[in-house]
Structures are given as C-alpha cells and as structure tokens.
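Asks:
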Amino acid sequence: MYTLYATPGPGNCFKPFLALRQLGLGMRMISVDVLAGEARAPRFLALKPVGGVPLLVTADGTGLSGSNAMLWPVGEGSGLMPQDALARAQSLQWMFFEQMKLEPHISPARFFGRLVPERGRGREAEMAAWRARGAAGLALLEAHLRGRDVMLGDCYGITDIAIFGYVHVAEEAEIDMRPFPAIRSWIHRVQQTPGFVPLSAMGEAAIPFACKAGAD
Ligand SMILES: N[C@@H](CCC(=O)N[C@@H](CS)C(=O)NCC(=O)O)C(=O)O
1 MYTLYATPGP GNCFKPFLAL RQLGLGMRMI SVDVLAGEAR APRFLALKPV GGVPLLVTAD
61 GTGLSGSNAM LWPVGEGSGL MPQDALARAQ SLQWMFFEQM KLEPHISPAR FFGRLVPERG
121 RGREAEMAAW RARGAAGLAL LEAHLRGRDV MLGDCYGITD IAIFGYVHVA EEAEIDMRPF
181 PAIRSWIHRV QQTPGFVPLS AMGEAAIPFA CKAGAD
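First residue of the sequence shown? That's 1 in UniProt numbering, and the numbers climb one at a time after it.
1. What do you get for residue 18, buried or exposed, if any count of 16 or more other CB atoms within 10 angstroms of its CB means buried?
2. Does DSSP put residue 4 in a helix, a strand or coil?
3. Taking the straight line between their C-alpha atoms, what separation do you get for residue 153 and residue 193?
4. Report yes or no: do three or more beta-carbon pairs, one from the region 56 to 73 and one from the region 118 to 136, lie closer than 8 Å?
5. DSSP three-state call for residue 27: helix, strand or coil?
6. Flag residue 43 as yes when its Cβ comes closer than 7 Å to any non-hydrogen atom of ligand 1, and as no otherwise.
7. Go through its chain and collect everything with a Cβ distance to residue 148's Cβ below 8 Å, but skip five positions before and after it.
8. Tell me, please, which residues DSSP counts as bridged to residue 63.
9. Please return the same chain residues whose Cβ sits closer than 6 Å to the Cβ of residue 210, not counting the five positions on each side in sequence.
10. Once DSSP output is grouped into helix, strand and coil, what is the label at residue 183?
11. Name the DSSP beta bridge partners of residue 16, please?
12. Taking only three categories from DSSP, how would you classify residue 104?
13. Can you grab the Cα-Cα spacing for the pair residue 156 / residue 32, in whole Å?
14. Use the C-beta contact count for residue 7: other C-beta atoms within 10 angstroms, 16 or more gives buried, fewer gives exposed.
15. Apart from the five residues on each side of it in sequence, which residues of its chain come closer than 7 Å, Cβ to Cβ, to residue 115?
16. What is the DSSP secondary structure of residue 207, counted as helix, strand or coil?
17. Grouping DSSP H, G and I as helix and E and B as strand, with all else coil, what is residue 193?
18. For residue 127 versus residue 137, is the C-beta distance shorter than 8 Å?
19. Using only alpha-carbon positions, find the residue among 87, 105, 189 that is nearest to residue 173.
20. Where does residue 200 sit, in a helix, a strand or coil, going by DSSP?
21. Taking buried to mean at least 16 other C-beta atoms within 10 Å of its own C-beta, is residue 161 buried or exposed?
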C-alpha cells in the first residue's frame, strides 16, 4: 500500500496518482493544501524535509520526492516499464527533459494564469516568458512524437505518464496547442489507455492532511 501526499491540481502530483490507478495498486491519498502552506508546515517537513508535493511513501515507510522518480518503483514489474538499459536511459532522458524544458514553464504559467490568477497580477512579463519557453519545449516534443504512437518503443509506459502530467494541461497555461498536432493526438491516445483517470479524479478520495493528525 502506497501513501501519496499530493495536491489535486499540479501535473507533478497527477503523475504518480495516474500510474498507481492504472496499475490498480493500493493507494491512500492525503490531500495537502499548498496554498495554505501545508507543504511547508513543520509536520509535513518532518516527512519530506525539502517540502512541496508530491511525496510518495512506500509500504516499508520510505519517502520519495520527485514525481518522475516515483514512477520507477510504482511501475517496476509492470508493462509500463522500459525493458532494457538503453530504454531506461531514454526514459530518464525524457524525464529530465520534462523537468527542464516543460514543467518549469508550463506549471507557473498555469498556476499564476489559471489556478490562482490573483497571485499572477503584475507578472505579465514572466508569464509571457514561461509561455514562450513552454512552447519551445513543446516544439521539441512535437518533433519527437511525429510518426510515433507513444514516447518510447511500442508500448505506453512511465515515460508517457511523466510527459503527460503537464503537457495535457498546457492549454490551461494559455499555450497555443494548434502548432502541435502530434502532441494533441498522443494526448488523446493516452486518455484512451486502460484504467486512465483524469486529473479531476484526484479530489475524490483524498483525506485532507489537516485532518490526518493533530494541528502543528
Ligand atoms: N520536481 C518536483 C517539483 C515539486 C514541486 O514543485 N511541487 C510544487 C507543486 S507542483 C509545490 O509543492 N509547491 C509548493 C511548495 O513547495 O511549498 C517534482 O517533480 O515533484
């Protein structure tokens, strides 16, 4: 049984959630209110010293940071895993790409533009820069996905999940997706994979962090 500390909303939190759901693995989700500062509260930092969500705690009590890193133990032994050393290296290559070229730009543009617009006021220049950098990353992804059904090899897997987390909500960051037809088709294919659940499903069965134990 895994415990996932996450906020329903961020693509980073959705990645392990989607993988756990698609594999039918036991999961208890604790909802952390990042806007209220819960991901920086002493009680949370005792679990994850670097702060922030998501945090995945394995059955033996090991805490894991890094949404893409979480996909490895969750996927191990399943058909979602890249099979050989080269494929694993390629998977890591795309996960690092996601954390450098996509997530740091799509995430804040979506957060300040769509999710919490009152915090985005006065940040128009930054927003434009995030959108431009996000679009530049998506152009590289578009070139990779042209002529492919999935990110790597012939099978949907953890690399697709890592990339999907933010790419499927790039429109919510007000990034124009019209120049990226291969990405749009791939998003549709991911949404048809067995056991797929949308990001909105994260709110359904979550236990609020504030109710899990005593107040700080
Ligand atoms: N690289 C990390 C990024 C984690 C991250 O930036 N988390 C954000 C939400 S997406 C957060 O918790 N922000 C609030 C905070 O750090 O207090 C990952 O992939 O998990």
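All C-beta atoms in this analysis are idealised placements derived from N, C-alpha and C, irrespective of residue type, glycine included.
Replies: In short:
1. Residue mapping note: residue 18 aligns to position 18 of the sequence shown, counting from 1. Label assigned to residue 18: buried.
2. Along the sequence shown, read from residue 1 onward, the residue named residue 4 stands at position 4. Residue 4 falls in the strand class under three-state DSSP.
3. Here residue 153 refers to the residue found at position 153 of the sequence shown. Here residue 193 refers to the residue found at position 193 of the sequence shown. Counting only the Cα atoms, residue 193 lies some 16 Å from residue 153.
4. Below 8 Å, too few C-beta pairs join the region 56 to 73 and the region 118 to 136 to call them touching: fewer than three.
5. Walking along the sequence shown from the start, residue 27 turns up at place 27. In the structure shown, the three-state DSSP call for residue 27 is strand.
6. Sequence index remark: in the sequence shown, residue 43 carries index 43 (1-based). Incorrect: residue 43 has no Cβ contact closer than 7 Å to ligand 1.
7. Against the sequence shown, residue 148 aligns to sequence position 148. Answer for residue 148: 182, 186, listed in chain order.
8. One-based indexing of the sequence shown puts residue 63 at position 63. DSSP lists 57 as partners of residue 63.
9. Numbered from its first residue, the sequence shown carries residue 210 at position 210. By the criterion of a C-beta distance shorter than 6 Å, residue 210 is surrounded by no residue of its chain, once the five residues flanking it on both sides are discounted.
10. Stepping through the sequence shown from its first residue, residue 183 is reached at position 183. The answer is helix: DSSP assigns residue 183 an H, G or I state.
11. Taking the sequence shown and counting its residues from 1, the one referred to as residue 16 is at position 16. Under DSSP, no beta-bridge partner is assigned to residue 16.
12. Walking along the sequence shown from the start, residue 104 turns up at place 104. Reduced to three states, the DSSP call for residue 104 is helix.
13. For the purposes of this step, residue 156 is identified with residue 156 of the sequence shown, where counting begins at 1. For the purposes of this step, residue 32 is identified with residue 32 of the sequence shown, where counting begins at 1. So the two alpha carbons sit approximately 29 Å from each other.
14. What you label residue 7 is simply residue 7 of the sequence shown in a count that begins at 1. With 16 or more Cβ atoms within 10 Å of its Cβ, residue 7 is classed as buried.
15. On the sequence shown, position 115 is the one that residue 115 refers to. Contacts found: 9.
16. Mapped onto the sequence shown, residue 207 falls at position 207. Reduced to three states, the DSSP call for residue 207 is strand.
17. Numbered from 1 along the sequence shown, position 193 holds the residue referred to as residue 193. In this structure, residue 193 counts as coil in the three-state DSSP scheme.
18. As a position in the sequence shown, residue 127 is number 127, starting the count at 1. As a position in the sequence shown, residue 137 is number 137, starting the count at 1. No. Outside cutoff.
19. By 1-based counting over the sequence shown, the position of residue 173 is 173. Nearest of 87, 105, 189 to residue 173, Cα basis: 105.
20. What you label residue 200 is simply residue 200 of the sequence shown in a count that begins at 1. Correct three-state label for residue 200: helix.
21. Within the sequence shown, numbered from 1, the residue matching residue 161 stands at position 161. Residue 161 is buried by the Cβ-count criterion.
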